[in-house]
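To keep things clear, I will list the structure first and then write my remarks on it.
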Amino acid sequence: LNERVPVNDTNDELAQLGKLFNDLMDDLEQSFLQQKQFVEDASHELRTPLTIIKGHLTMLNRWGKHDPDVLNKSLQSSLKEVERLNQLVQELLELSRAESEAPNMTEWEMVDARSVMDSVIRNFESAYADYTFRQMRSEPAYIRIVARHLEQIFVILLDNAVKYSQESKKEIHVSLYQEDDVAKIEIKDFGIGIPQADLPYVFHRFYRVDKARSRKQGGNGLGLSIAKRLVEKYGGTISIESKEGQGTTVTVTFPIMK
Ligand code: ADP
202 LNERVPVNDT NDELAQLGKL FNDLMDDLEQ SFLQQKQFVE DASHELRTPL
252 TIIKGHLTML NRWGKHDPDV LNKSLQSSLK EVERLNQLVQ ELLELSRAES
302 EAPNMTEWEM VDARSVMDSV IRNFESAYAD YTFRQMRSEP AYIRIVARHL
352 EQIFVILLDN AVKYSQESKK EIHVSLYQED DVAKIEIKDF GIGIPQADLP
402 YVFHRFYRVD KARSRKQGGN GLGLSIAKRL VEKYGGTISI ESKEGQGTTV
452 TVTFPIMK
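Here the sequence shown is numbered in the UniProt record's numbering, starting from 202 and rising by one per residue.
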C-alpha cells in the first residue's frame, strides 16, 4: 500500500497514468486506515458491556449462589448490559450497511415524507406521553427514497430530541416543508443543547458529548453518524445548530421530486 510510482512532470500519457495510479493508492490506503480505525473503535465499545457482564458473572459465581440479593442484582444488571450489547451490534450493522452498500436504486420509491413523519410522530406520542410533539409545518413532500430509511432518520432524530430534553421542557417541534428545490425537515428541542466546541464532532461515529450521561440513556454515539450516511446516500444534507442549555435543531434536506 505504500508503493507509489515516480511521476515526472512531462504530463504525457504515461505520467497521467502514473498519477492516476498514485491517487488510487492514496484512496485505497485512506479507506484501509478508516476500516482499521472502525474495527478498533467498535472493539473498544464492545468491550465496555462485556467487562461489566464479566464482573457480574464473577460476583454471581462467588456469592450469588447463596445470596439472593447479589443473585438478583447481578442478573438484572447483566441482562441490561446484554440488551445494550444487542443494540450496539444492531447499530454497528446499520452503520456498516449505510456506509458500504451502494444505493440500490431499484428499491427507491416515491415516498410522501409527510405520511412517514405522521406515523413516526404518532408512535412517539404513544411511547412518550409526557412529551408534546408539535407539527409546526406539515406540507406534502415527495422524496425518492427507501421508506424504511426515511423512517429510521426520523426515529434517530426524535429519539435524540427526547433523550436530551428529559430534564427540560418536554416539547419537540417538527417541521416539513418545501423550499426552493428541496424538502426540508427540522426537528427542534429545548433540551440540554450541545457546547459549540463539540458541535463539529457529533456526526463522527462513537462521539458523545457526555459519555456517562449518554450511556445512561442508552446512547452509543452512532445515531447521528447513521443518519448522516443515510441522508447523504440520497443526495441530501444534514446539519445541526445548538445552544447549550437552550436546545438543538437538526435540519435535513432532500432533493425534491417534481
Ligand atoms: P447517542 O446515541 O449517544 O445519542 P448520536 O450519534 O445520536 O449518539 O449523538 C452524538 C452525541 O451528540 C450525543 O451523545 C449527544 O451528546 C449529542 N446530541 C445529539 N443530539 C442531541 C440533542 N438533540 N440535544 C443534545 N445533544 C445531542
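Glycine included, C-beta positions come from ideal geometry on N, C-alpha and C. Every value quoted in this text rests on a predicted model; they were computed, and no experiment measured them.
Next item on the list: Could you tell me the distance, in whole angstroms, from the CA atom of I395 to the CA atom of I441?
Entry: Between I395 and I441, the C-alpha separation is close to 10 angstroms.
Item checked: At least three beta-carbon pairs within less than 8 angstroms, the region 272-284 to the region 332-341 -> Output reads no: the region 332-341 does not touch the region 272-284.
Margin query: Taking the alpha-carbon of E380 as reference, which of F404, F455, S426 has the nearest alpha-carbon?
Written below: Here the closest residue by C-alpha is F455.
Margin query: So, does the region 292-302 touch the region 423-436, judging by three or more C-beta pairs under 8 angstroms?
Written below: With contact defined as three or more Cβ pairs closer than 8 angstroms, the region 292-302 and the region 423-436 are in contact.
Next item on the list: Please name the residue in N305, N212, R416, L276 whose C-alpha comes closest to that of N361.
Entry: Taking only the C-alpha atoms, the option nearest N361 is R416.
Note to self: Can you tell me whether I253 is helix, strand or coil according to DSSP?
What the structure shows: Helix at I253.
Checklist line | S297 Cβ short of 8 angstroms to the ligand ADP heavy atom set | finding: No - the ligand ADP has no heavy atom lying nearer than 8 angstroms to the Cβ of S297.
Check: Rounded to the nearest angstrom, how far is the Cβ of Y365 from that of I393, given a contact under 8 angstroms?
Finding: Indeed they touch by this definition, with Cβ atoms about 5 angstroms apart.
Next item on the list: State the Cα-Cα distance for the pair I457 and G420, rounded to the nearest angstrom.
Entry: Answer to the nearest angstrom: the Cα atoms are 32 angstroms apart.
Item checked: Separation of Q367 from G446, as counted between CA atoms -> If you take the alpha carbons of G446 and Q367, they lie about 12 angstroms apart.
Margin query: Quick check: does the Cβ of I393 come within less than 8 angstroms of any heavy atom belonging to the ligand ADP?
Written below: Because some heavy atom of the ligand ADP lies under 8 angstroms away, the Cβ of I393 counts as near it: yes.
Notebook entry, point to check: Identify the residues that DSSP records as bridge partners of D313: which are they?
Noted result: Answer is Y343.
Item checked: Heavy atom of the ligand ADP within 8 angstroms of D242 beta-carbon -> Judged by the Cβ position, D242 fails to qualify as a neighbour of the ligand ADP at the 8 angstroms threshold, every heavy atom of the ligand being at least this far.
Notebook entry, point to check: How is L400 classed by DSSP in three states: helix, strand or coil?
Noted result: Residue state, collapsed to three classes: helix.
Item checked: Neighbour-count burial assignment, A398, 16 or more Cβ in a 10 Å radius -> Under this definition A398 is an exposed residue.
Note to self: Would L247 and V206 be called neighbours here (beta carbons separated by less than 9 angstroms)?
What the structure shows: In this structure, L247 sits away from V206, with a CB-CB distance that is not shorter than 9 angstroms.
Check: Can you tell which of M318, I439, Y332 has the C-alpha that lies nearest to the C-alpha of Y343?
Finding: Closest by C-alpha distance to Y343, out of M318, I439, Y332, is M318.
Notebook entry, point to check: Tell me, which residues are paired with T452 by DSSP?
Noted result: The partner list for T452 (beta bridge, DSSP) reads E387, S440.
Notebook entry, point to check: To the nearest whole angstrom, what separates the beta carbons of L359 and I373, a pair I think is in contact under 8 angstroms?
Noted result: The beta carbons of L359 and I373 sit about 7 angstroms from each other, so the pair counts as a contact at 8 angstroms.
Notebook entry, point to check: Can you tell me where the alpha helix (DSSP H) with I427 in it begins and where it stops?
Noted result: From DSSP, the alpha helix (DSSP H) with I427 extends over 424-434.
Notebook entry, point to check: Is T252 buried or exposed, if buried means 16 or more other CB atoms sit within 10 Å of its CB?
Noted result: When all chains shown are included, T252 counts as exposed.
Note to self: With H, G and I counted as helix, E and B as strand and the rest as coil, what does DSSP make of E302?
What the structure shows: Reduced to three states, the DSSP call for E302 is coil.
Margin query: Please tell me whether T438 and V451 are closer than 9 angstroms, where the distance is taken between their beta carbons.
Written below: Result no, Cβ atoms of T438 and V451 do not sit closer than 9 angstroms.
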